[in-house]
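Here is the structure we will look at, set down as structure tokens.
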Amino acid sequence: MTRRQRRLFLIGTGVGVLAIAAALVLTALRDSIVFFNSPTDLVQKRVEPGTRIRLGGLVKTGSVIRGGNLGVRFAVTDGNKEIAVAYTGALPDLFREGQGVVAEGALDGAGLFRADTILAKHDENYMPKEVADALKRQGHWKDGYGAAAAGSAR
Amino acid sequence: MIAELGHYALVLALGLALVQAAVPFWGARNRDPVLMAVAGPTAIAQFAFVAAAFLALAWCHVSSDFSVLTVFENSHSAKPLIYKITGVWGNHEGSMLLWILMLALFGALVAGFGTNLPATLKSTALAVQAWIAAAFELFVLATSNPFARLAQPPLEGRDLNPILQDPGLAVHPPLLYLGYVGFSITFSFAAAALIEGRIDAAWARWVRPWALTAWIFLTLGIAMGSYWAYYTLGWGGWWFWDPVENASVLPWLAGTALLHSAVVMEKRDALKVWTILLAVLTFSLSLVGTFLVRSGVLTSVHTFANDPARGVFILAILVMFIGGSFALFAWRAPLLKQGGLFAPISREGALILNNLFLTTACATVFVGTLYPLALEALTGEKISVGAPFFNATFVPLFIPLLVAMSFGPLLAWKRSDLYGVAQRLLGALAVAVIGIAATFAVENGGPVVAPFGVGLALFVMTGALTDLMERTGLFRSSFGTVVRRAGGLPRSAWGTMIAHFGVGLTVLGIVGETQWGAERIASMRPGESVSIRHYDLTFDGVIPRPGPNYREFVGKFTVRRGGEVIGIMQPSRRVYPVRAMTTTQSALMTRGMSQLYLSLGDPDPDGRTVVRLYHKPLVLLIWLGAAVMVLGGAMSLSDRRLRVGAPRPARARAAAQPAE
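Written out as structure tokens, the structure reads:
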């Protein structure tokens, strides 16, 4: 091979690998990203049943019902709208009524949000950033949360 | 008083850093040996003052001086001594001080050990190192003073986040920082080479030990962090593709590429510009990681504070150093002469392939980590990019890299014969095929991916061994010859072999854990049993137990296999009253390389306890593999050729120096 051919070969390989990587990234970004929604977003955007999303808000006080076999139902609210959530499994350590929560899953045909993951908070003061922002948008941000979130994980 | 002394020491360190940033730099430009000689002593003195500041802060923590704000916020008089010490870096201010301590330490090490470096390169590199140090010392003093006092000292502190009260935290951040910050040296050397506009193969020989040192610590730090997350978070996951984890893996990928390209530069005088670029890139990614973790743009257990002023300050440092170094690169790189011709099928070619895949994988992780932030900043839309994205992009890019890894060390420099190498790898291929077939047979209808994963891991491991066999002539020569040859092999060759073998072990562990892991979640009353795989666990009940700064509820489980008792597992839940937090202490039972993992959930009102039970086959190999990689790195670092800095043969004094 001449010097020129060698260089072309190297550049060709490099461009090839980069093209494959770009294709992988673009496909994966289309298929595997998950959008975050508040209950209000979920109602307004009319999210299709079966679309995987993250739902964030506060666990409505008095809404948690523990069924048999680790099943649990609760409502997630942003003070404006609320969505019923069903989940089966162990709840994170700091799942509490009136506290922030992020659930990942999809709506079923009947408007029930079936979650397969409930995200844990790291400590008592921590409010997931998305939830804090969503609550602020809905005008339900209380000063108490503000103090807590500002000192996040302190 | 101690706190004020610490603060004062840090201010003096900043002053010294400014001297170190200016005087030797000026000296190197004017070839003034006196001004250049300032670099070494100031670097060591700067380290001494930062160390004094760090010790002062540690003293405030150990003596529970709650008049210091960071101590009040992160400590408690009843906290065990070890967590009082680790609590020093369990918060934003302290961890930034640790960051600076590492930075100054590396500067001092170059000053102390780099006796055989050309004076201009050494003084310019130390000056660049001091620019970074000055920027971060200014950051700490201006926005995150760890020594700030409270006007009215409270009687008791607010305790450290209980998740961080763990032996893993004692070592994870210092190791990780040694790795992150260690790459500052390669950055400083790259910047110095660009400023001088001159670079040769010797540069790679001077820089490679530092890159290797940083890489070793970064590997250890990432592995420790992964194991810590595995056993403290109670979910049994060892890698979450969390942005904070990605922030540490980005410099690791770039640093691994740098290590390999520096070999080409050292041996063949080629890839010079690329190696310089990688050195700049690796530390830039360390800075990006620091920004992501410390600025509060991400919310995670690592985020200690969201003070916007800090984020803006770190962003400014980031833009200054990354922008500045890339501008310098664009301006000066054309001056550097390229050398060393080679055919695509050669050791150089294989190492280029390695670099190509590593940097591309690094780029995909970078996109996945920063895309959600960019999208939110631009459109306000909130998304999460999780494990599915990284599995779909990172894994396909790593598989060809792993396959090529067995070929690389067997190829000759300059021009090689792929067919011949493939023939020598027939043994490894046979082992891999047997492994695939055996796994299929044993698994009997399990996941289809698993046997191929096992095959790949075996190919990587036996490929590494083939390299060793070829070099020692095992099975071809007499035993004595083999031993003599093995003893005569350079340690860097052993290092390569061991590190590549370690990669295979980690791959095997990952395949085992992800493909064959089992999970049970049950709600149990005392006396009930749950079974997973061949194990039956009987719940004997929960007993309370007091701790120093927490209350603990310990569950007792008897583990049986085939009816016989093989042990007792005692997971617990700890309640930390000061922060009203609960943590899960999982119980682990090791069986060979596999583990049973048990953690307790919330107790039900009706007396049931939620139990999470996992069987994790081969999971220990993930971290064992990392440990073997580190061993390989250390072996390579101890190679005499790497220890001597100069291109000429070793001087006796230099050879007697300890590993740098």
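Line by line, the protein sequences are chains Y and Z. If you read the first sequence in my numbering, its first letter stands for residue 1171, the second for the next number, and so on. If you read the second sequence in my numbering, its first letter stands for residue -18, the second for the next number, and so on. Don't be surprised by glycine CBs; every beta carbon is placed ideally from N, CA and C. No experiment lies behind these values; they were computed from the predicted model shown.
(1) Tell me the residue span of the beta strand (DSSP E) that contains His596/Z.
(2) Within 10 Å of its beta-carbon, does Tyr400/Z have 16 or more other beta-carbons around it, so buried, or fewer, so exposed?
(3) In this structure, what does DSSP give as the bridge partners for Gly1241/Y?
(4) In terms of residues, what are the limits of the alpha helix (DSSP H) holding Glu1274/Y?
(5) Near Gly490/Z, what residues of its chain come up, given a Cβ to Cβ distance below 8 Å and the 5 sequence neighbours on each side ignored?
(6) In the DSSP assignment, find the beta strand (DSSP E) that holds Phe221/Z and state where it starts and stops.
(7) Identify the continuous alpha helix (DSSP H) that holds Ile502/Z and give its terminal residues.
(8) Given Leu392/Z, which residues of its chain have a CB within under 8 Å of its CB, disregarding the five upstream and five downstream residues?
(9) Candidates Glu74/Z, Val484/Z, Ser48/Z and Thr495/Z: which alpha carbon is nearest Val653/Z's?
(10) Go ahead and label Val592/Z buried or exposed: buried means 16 or more other beta carbons lie within 10 angstroms of its beta carbon, across all protein chains shown.
(11) From Lys60/Z to Leu78/Z, what does the alpha carbon distance come to, in whole angstroms?
(12) Starting from the beta carbon of Thr1231/Y, find every residue of chain Z whose beta carbon is closer than 7 Å, and list them in chain order.
(13) Assuming Leu231/Z contacts Phe371/Z (C-beta within less than 8 Å), just tell me the rounded distance between them.
(14) Leaving out five residues on either side along the sequence, give the residues of the same chain with a beta carbon under 8 Å from the beta carbon of Trp394/Z.
(15) Out of Ser459/Z, Pro507/Z, Met386/Z and Leu594/Z, state which residue places its alpha-carbon closest to the alpha-carbon of Thr443/Z.
(16) So what does DSSP say about Arg555/Z, is it helix, strand or coil?
(17) Alpha carbon to alpha carbon, how far is Val254/Z from Ala290/Z?
(18) Would you kindly report the start and end of the unbroken beta strand (DSSP E) that includes Val523/Z?
(19) Taking only beta-carbon positions, decide if Gly1259/Y is within less than 8 Å of chain Z.
(20) Could you check the C-alpha separation between Phe294/Z and Lys1215/Y for me, to the nearest Å?
(21) Ile81/Z to Leu299/Z, Cα distance in whole Å?
(22) Taking only beta-carbon atoms, is Leu1228/Y less than 8 Å away from chain Z?
(23) Alpha carbon to alpha carbon, what distance is there between Gly236/Z and Val609/Z?
(24) Since Ala1276/Y meets chain Z, which of its residues come closer than 8 Å, beta carbon to beta carbon?
(25) Could you please tell me which residues of the region 1231 to 1247 of chain Y, in chain order, have their CB closer than 9 Å to any CB of chain Z?
(26) Short of 6 Å in beta carbon distance, which residues of its chain neighbour Val106/Z, apart from the five on each side in sequence? Order them along the chain.
(27) Is there a Cβ of chain Z sitting closer than 8 Å to that of Thr1221/Y, yes or no?
(28) Give, in chain order, every residue of the region 324 to 354 of chain Z whose Cβ lies closer than 9 Å to some Cβ of chain Y.
(29) Please confirm if Gly1270/Y has its CB atom under 8 Å from at least one CB of chain Z.
(30) Under a three-way DSSP split, which group does Thr1231/Y fall into?
(31) Since Ile364/Z and Leu354/Z are thought to touch, with beta carbons under 8 Å apart, how far apart are those beta carbons, to the nearest angstrom?
(32) For the region 223 to 230 of chain Z against the region 201 to 211 of chain Z, are there 3 or more C-beta pairs whose distance is under 8 Å?
(33) Report the neighbours of Leu1188/Y on chain Z: residues whose CB is nearer than 9 Å to its CB, in chain order.
(34) Assess, as a yes-or-no matter, whether the region 95 to 113 of chain Z is touched by the region 13 to 27 of chain Z under the definition of 3 or more beta carbon pairs within less than 8 Å.
(35) Helix or strand or just coil, what does DSSP make of Asp1381/Y?
(36) Which value, in whole angstroms, describes the spacing of the CA atoms of Ala438/Z and Ala413/Z?
Reading from the atomic positions:
(1) Thr590 to Lys597 is the extent of the beta strand (DSSP E) around His596/Z.
(2) By the 10 Å Cβ count, Tyr400/Z comes out exposed.
(3) For Gly1241/Y, which the question treats as bridged, DSSP gives the partners Thr1258/Y.
(4) Counted as a single uninterrupted DSSP element, the stretch harbouring Glu1274/Y is not any alpha helix (DSSP H) but the beta strand (DSSP E) occupying residues Gly1270 to Leu1277.
(5) Excluding its 5 nearest sequence neighbours in each direction, Gly490/Z has C-beta neighbours in its own chain below 8 Å: Met574, Leu599, Val600, Leu601, Leu602, Ile603, Trp604, Leu605 and Gly606, listed in chain order.
(6) Counting along the chain, Phe221/Z falls outside any beta strand (DSSP E), and DSSP gives it neither H nor E.
(7) That residue, Ile502/Z, is in no alpha helix (DSSP H); its beta strand (DSSP E) goes Ala499 to Met505.
(8) Within the same chain, Ile326, Ser327, Arg328, Gly330, Ala331, Leu399 and Val402 come within 8 Å of Leu392/Z by CB-CB distance, once the 5 residues on both sides are set aside.
(9) The question about residue 653/Z has no answer here: the residues shown for chain Z are numbered -18 through 641.
(10) Label assigned to Val592/Z: buried.
(11) Their Cα atoms are separated by approximately 22 Å.
(12) Chain Z residues near Thr1231/Y: none, gap ~17 Å exceeds 7 Å.
(13) In fact, because the Cβ distance is near 12 Å, the residues do not count as touching under 8 Å.
(14) Contacts found: Lys248, Arg249, Phe323, Ser327, Arg328 and Glu329.
(15) The residue from Ser459/Z, Pro507/Z, Met386/Z and Leu594/Z with its alpha-carbon nearest to that of Thr443/Z is Met386/Z.
(16) The DSSP-derived three-state label of Arg555/Z is strand.
(17) About 36 Å.
(18) That run of the beta strand (DSSP E) goes Tyr516 to Pro527.
(19) Chain Z contact via Cβ: present.
(20) Here the alpha carbons of Lys1215/Y and Phe294/Z stand approximately 38 Å from one another.
(21) Rounded to the nearest angstrom, the gap between the Cα atoms of Ile81/Z and Leu299/Z is 15 Å.
(22) No, because no Cβ of chain Z sits closer than 8 Å to the Cβ of Leu1228/Y.
(23) Each residue's Cα considered, the two are about 18 Å apart.
(24) Those within 8 Å of Ala1276/Y in chain Z number zero; the least Cβ separation is about 14 Å.
(25) From the region 1231 to 1247 of chain Y, only Arg1236, Gly1238, Asn1239 and Leu1240 have a Cβ closer than 9 Å to chain Z.
(26) The sequence given here places Ala at residue 106/Z; Val does not occur at that position. Ser169, Phe170 and Ala173.
(27) So, not an interface residue.
(28) Listed by position, the residues of the region 324 to 354 of chain Z near chain Y (Cβ gap below 9 Å) are Ala324, Pro325, Gly330, Ile333, Leu334, Leu337, Phe338, Thr341, Ala342, Ala344, Thr345, Val348, Gly349, Tyr352 and Pro353.
(29) It does not; no Cβ of chain Z falls within 8 Å.
(30) Reduced to three states, the DSSP call for Thr1231/Y is coil.
(31) Beta-carbon to beta-carbon, Ile364/Z and Leu354/Z are separated by about 10 Å, too far to satisfy the 8 Å threshold.
(32) The count of Cβ pairs closer than 8 Å, one atom from the region 223 to 230 of chain Z and one from the region 201 to 211 of chain Z, reaches three, so the stretches are in contact.
(33) Chain Z residues near Leu1188/Y: Leu337, Thr341 and Ala344.
(34) In short, these stretches touch, since the Cβ pair count reaches three.
(35) Residue 1381/Y lies beyond the range of chain Y shown here (1171 to 1324); nothing can be said about it.
(36) The straight-line gap from Cα to Cα measures roughly 8 Å.
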